[in-house]
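Residue numbers (the UniProt record's numbering), protein chains in the order written: chain A, 1 to 551; chain B, 1 to 131.
Cβ coordinates follow ideal geometry from the N, Cα and C atoms, glycine included.
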C-alpha cells in the first residue's frame with residue numbers, strides 16, 4: 001500500500017510523518033480539526049490518510065526508525081488509548097508497546113525486531129489492554145506493515161495499518177474453544193478436572209472476575225460448585241449452596257431461563273441478596289441453566305465486579321460450554337457406574353467359582369463313588385445356577401422367597417407335588433437367596449434318601465412367617481410327615497453341615513433340628529434385616545440400630 | 001457353630017477360619033484339617049474375637065475381608081496383630097487385591113478362589129513364624 005518513492009522521500013531525514021497528518025493541525029476550530037487537508041491541493045498521502053481515518057476501521061502508523069518517532073492517526077491512537085494529538089506529534093515505540101497485552105508483548109516485540117532486522121513485512125494479531133477498559137475483554141487487532149531500509153540495509157521507515165478484529169477473533173476463539181473443549185472433556189478423568197477446564201475456557205473468552213459450574217441436586221435442593229476459576233483479586237465460591245440462597249433467580253433457572261443481570265444492585269431479582277452478592281464482589285451476574293428432561297441439572301455462571309460487555313454470542317457460548325460439561329459429567333457418571341458394575345461382576349464371578357469349587361470338593365469328600373459325585377455336583381450346581389437366574393431376572397438384586405423355594409425344590413416336584421409351600425412375600429437379598437436355595441435343596445435330598453420323601457405316602461410342609469417383635473424375624477419351618485422316624489446322622493455330611501451354618505451372612509439366626517418320631521422338623525429363625533435388601537430410609541418405619549448380636 | 005475342640009493338640013495347633021459363606025468355610029475347614037491343624041470356624045468378627053479371648057492355642061488366623069456385620073476382616077487382622085502378636089495372619093479376598101504394605105504387621109494375602117495347594121503352601125510358610 002505504499003510506494004517505494006514515498007519511502008525514499010522520508011529517509012532523507014525529514015521528521016514529518018508518512019501521511020503528514022499533523023500539517024494542518026492548528027488550522028482552526030471546526031470539526032475537521034486535526035485531520036489532513038482535503039481538496040485538490042492535498043497530496044496523495046494526505047488523501048490516503050483521510051480515507052483511512054474516514055473508514056473509522058483502519059488506523060495507520062509510520063515509524064521513523066532511526067529517530068524512534070512513531071506517528072499515528074486518530075484511529076490508531078484511539079485503539080491504544082493514546083491522545084491523538086500526541087500520536088500526531090510522534091511518540092517513542094515503547095509507549096505504544098506498553099499498550100500491547102502482556103501476554104502478547106514479547107511475541108510482538110520479537111516480530112517488530114525481525115521486520116526491522118530484515119527490512120521485511122510485519123503481520124500480527126494481538127491484544128491491546130487499555131486503562132479505561134479495566135477488567136473487560138482485551139481488544140484484538142490485526143496489524144500489517146513493512147519496514148523499509150536504505151542501500152546499506154538499515155531500517156529507516158516502518159509504516160503500516162491496524163484494524164480492530166475483536167469480534168472476528170472472539171468468534172473464532174469461541175469456535176476453537178468449543179472444539180478443543182470437546183476433545184479435552186472426552187479424556188478428563190474426574191469432575192474437578194472437567195469443571196476446571198471448562199471454567200478456564202469461560203474465563204479466557206469472557207474475562208470475568210469468576211466463572212464456573214454448579215451441579216444441581218434436585219432432591220436436596222442444593223447447587224454444588226466443585227471448583228471455579230477466579231481472578232487473583234476475587235475469592236472462590238466453591239461449595240454447596242441452598243436453592244434459597246439464589247432468591248427468585250432459581251425459579252428462572254428451573255424454568256430454563258437464562259439470567260443475565262448487568263448490575264445486581266439495580267435488579268429486582270437480586271435486590272434481596274445484594275449484600276451477600278456484594279460480599280462476593282459480584283456486580284454483573286450471568287447464570288445459564290442446563291435443563292434435562294424438565295429438570296435443572298447444571299448452572300454455568302460468570303461474575304464480574306464491574307461492567308461487562310457480554311453479548312448474545314457470549315451467552316450462547318456459555319450455554320454451549322455448559323452443554324458439553326453436562327455431557328462430560330453424564331459420561332463420567334456412566335463410566336463410574338460401569339466400572340463399579342464390572343468390579344461387582346468380577347467379584348461375583350470369583351465368588352461363584354469359589355462356591356462351585358467348594359461344592360465339587362465337598363461332594364468328592366462325602367460321596368462313595370464317581371457316579372454319585374457326578375450327580376451330586378450336577379444337582380447342586382444347577383440349584384445355584386437357577387438361584388442366580390432368579391436374582392438376575394428382576395430389576396433389583398432380590399428374589400421372592402416363594403420363587404426361591406420353588407426353584408430349589410423343582411427336581412423333587414416333577415411327578416407329583418409332595419412339598420407344600422406357604423408363606424407371605426419376602427424379598428430376599430442375593431446372598432440369602434443363594435444360601436436358602438442350597439439349604440432347601442439339601443433338606444429335600446436328605447428327605448428323599450432318608451426322610452418322608454423316601455416313602456411314597458410321605459410329604460413335606462414348608463412354611464414361613466414374619467414375626468414382628470422384638471425385632472422383625474423370619475421363621476421358616478421344614479416339617480416332614482408320613483415317613484420313617486427321623487434319626488440324627490452319625491456323621492455330618494455336606495448337607496447337614498450346610499444346613500447347620502444357616503443363611504450366609506446372617507449373624508443373628510438360630511437353626512434347630514428336631515429328629516422326631518413323625519419325621520424331621522427343621523426350624524430356621526433369622527433377623528429379617530439380615531436376609532432382605534437394605535431399603536432406603538423410610539420415615540414411616542422404625543429402623544433398628546445396626547448392631548447385630550452375635551450367635 | 002459345631003466345632004470339636006481337642007485341647008490335647010498341644011500349644012497353638014489351631015487355625016481360626018473366619019468366613020461368612022458356609023460353602024467356603026466348610027471347604028477351608030477341611031483344608032486346614034487335611035493339613036494337620038485343628039480348624040475353628042467363625043462366621044463374623046465378633047464371633048472370632050470371642051473365640052480368641054477364650055483360647056490360647058490358635059496358631060493362625062485365616063480371615064475373609066468382606067464379612068457380614070459391623071466390622072470387616074481387615075479390622076480383625078489389625079486387632080489380632082496388635083493384641084495377639086504370636087498369631088500369624090492370612091487375609092483372603094476375591095474383591096480386593098492387597099499388597100503386603102496394605103496389610104497389618106506380617107500378614108499375608110491370599111486371593112480367592114484358592115486351591116488346597118495354595119493353602120498348604122501358605123500354611124507351611126507361616127508355621128515356623130507362628131511357633
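I'd like to know whether the C-beta atoms of residue i and residue j end up nearer to each other than 9 Å.
| i | j | result |
| --- | --- | --- |
| residue 54 of chain A | residue 61 of chain A | no |
| residue 31 of chain B | residue 116 of chain B | yes |
| residue 530 of chain A | residue 432 of chain A | yes |
| residue 462 of chain A | residue 490 of chain A | no |
| residue 191 of chain A | residue 381 of chain A | no |
| residue 120 of chain B | residue 93 of chain B | no |
| residue 89 of chain B | residue 68 of chain B | no |
| residue 425 of chain A | residue 401 of chain A | yes |
| residue 308 of chain A | residue 299 of chain A | no |
| residue 504 of chain A | residue 21 of chain B | yes |
| residue 129 of chain A | residue 99 of chain A | yes |
| residue 126 of chain A | residue 107 of chain A | yes |
| residue 283 of chain A | residue 291 of chain A | no |
| residue 210 of chain A | residue 303 of chain A | yes |
| residue 63 of chain B | residue 73 of chain B | yes |
| residue 411 of chain A | residue 365 of chain A | no |
| residue 520 of chain A | residue 451 of chain A | yes |
| residue 276 of chain A | residue 265 of chain A | no |
| residue 95 of chain B | residue 347 of chain A | yes |
| residue 466 of chain A | residue 508 of chain A | no |
| residue 170 of chain A | residue 313 of chain A | yes |
| residue 528 of chain A | residue 473 of chain A | yes |
| residue 460 of chain A | residue 419 of chain A | yes |
Please return the same chain residues whose Cβ sits closer than 6 Å to the Cβ of residue i, not counting the five positions on each side in sequence.
| i | result |
| --- | --- |
| residue 200 of chain A | 229 |
| residue 328 of chain A | 185 and 194 |
| residue 35 of chain B | 120 and 123 |
| residue 226 of chain A | 191, 192 and 195 |
| residue 121 of chain A | 146 |
| residue 166 of chain A | 139 and 140 |
Between which two residues does the alpha helix (DSSP H) carrying residue i extend?
| i | result |
| --- | --- |
| residue 95 of chain B | Neither: residue 95 of chain B is in no alpha helix (DSSP H) and is coded neither H nor E. |
| residue 79 of chain A | 74-80 |
| residue 216 of chain A | No alpha helix (DSSP H) contains residue 216 of chain A, which is instead part of the beta strand (DSSP E) from 210-217. |
| residue 552 of chain A | Here chain A comprises residues numbered 1 to 551, so residue 552 of chain A is not present and cannot be evaluated. |
| residue 274 of chain A | 274-279 |
| residue 45 of chain A | 44-55 |
| residue 270 of chain A | 268-271 |
Identify, in the order they occur along the chain, each residue of the same chain with its Cβ nearer than 7 Å to the Cβ of residue i, setting aside the five sequence neighbours on each side.
| i | result |
| --- | --- |
| residue 362 of chain A | 494 |
| residue 562 of chain A | What the structure shows of chain A is the stretch from 1 to 551, and residue 562 of chain A is not part of that stretch, so it cannot be assessed. |
| residue 485 of chain A | 517 |
| residue 443 of chain A | 478, 499 and 522 |
| residue 242 of chain A | 221 and 222 |
| residue 26 of chain A | With a pLDDT of 41 at residue 26 of chain A, under the threshold of 50, the predicted position of this residue should be treated as unreliable, though the coordinate-derived value follows. For residue 26 of chain A, where only same-chain residues beyond five positions count, there are no Cβ hits under 7 Å. |
Could you round the C-beta distance between residue i and residue j to whole angstroms and report it? I think they count as a contact, below 8 Å.
| i | j | result |
| --- | --- | --- |
| residue 194 of chain A | residue 202 of chain A | In fact, because the Cβ distance is near 13 Å, the residues do not count as touching under 8 Å. |
| residue 249 of chain A | residue 231 of chain A | Going by Cβ atoms, the distance from residue 249 of chain A to residue 231 of chain A rounds to 22 Å, so no, they are not a contact pair. |
| residue 104 of chain B | residue 77 of chain B | 5 Å |
| residue 207 of chain A | residue 137 of chain A | 4 Å |
| residue 58 of chain B | residue 17 of chain B | Contact flag wrong, Cβ pair sits at about 11 Å. |
| residue 182 of chain A | residue 324 of chain A | 6 Å |
| residue 360 of chain A | residue 383 of chain A | Not really, about 14 Å apart at Cβ, beyond 8 Å. |
| residue 28 of chain B | residue 19 of chain B | 6 Å |
| residue 234 of chain A | residue 172 of chain A | Going by Cβ atoms, the distance from residue 234 of chain A to residue 172 of chain A rounds to 28 Å, so no, they are not a contact pair. |
In terms of residue numbering, what span does the beta strand (DSSP E) encompassing residue i cover?
| i | result |
| --- | --- |
| residue 86 of chain A | Per DSSP, residue 86 of chain A belongs to no beta strand (DSSP E); it is in the alpha helix (DSSP H), 84-89. |
| residue 304 of chain A | 295-304 |
| residue 161 of chain A | 155-164 |
| residue 124 of chain A | 121-128 |
| residue 189 of chain A | Premise fails: residue 189 of chain A is in no beta strand (DSSP E) and is neither H nor E. |
| residue 288 of chain A | 284-292 |
| residue 259 of chain A | 259-261 |
| residue 115 of chain A | First-last for residue 115 of chain A: 102-118, but that is the alpha helix (DSSP H), not the beta strand (DSSP E). |
For residue i, verify whether its CB is less than 8 Å away from any heavy atom of the ligand ZN.
| i | result |
| --- | --- |
| residue 406 of chain A | This structure lacks the ligand ZN; in fact it carries no ligand of any kind. |
With a CB to CB cut of under 8 Å and the five nearest residues on each side skipped, what residues in its chain are close to residue i?
| i | result |
| --- | --- |
| residue 149 of chain A | 119, 155 and 156 |
| residue 257 of chain A | 289 |
| residue 455 of chain A | 482, 483 and 484 |
| residue 318 of chain A | 202, 206, 286, 288, 300 and 302 |
### Task
Run through the region 506-531 of chain A for me and flag every whole beta strand (DSSP E) of 3 or more residues, listed as ranges in chain order.
509-516 and 519-527
### Task
Report the residue ranges of all alpha helix (DSSP H) runs contained in full by the region 363-451 of chain A; include only those spanning at least 4 residues, in chain order.
370-393, 401-409 and 430-449
### Message
Along the region 13-24 of chain B, where does the CB come closer than 8 Å to a CB of chain E? Name the residues.
### Response
Among the protein chains in the structure shown, which are A and B, there is no chain E.
### Task
Kindly provide the ranges of any alpha helix (DSSP H) runs that are 4 or more residues long and lie completely inside the UniProt domain "Response regulatory" (14-127) of chain B, ordered along the chain.
22-34, 45-54 and 73-83
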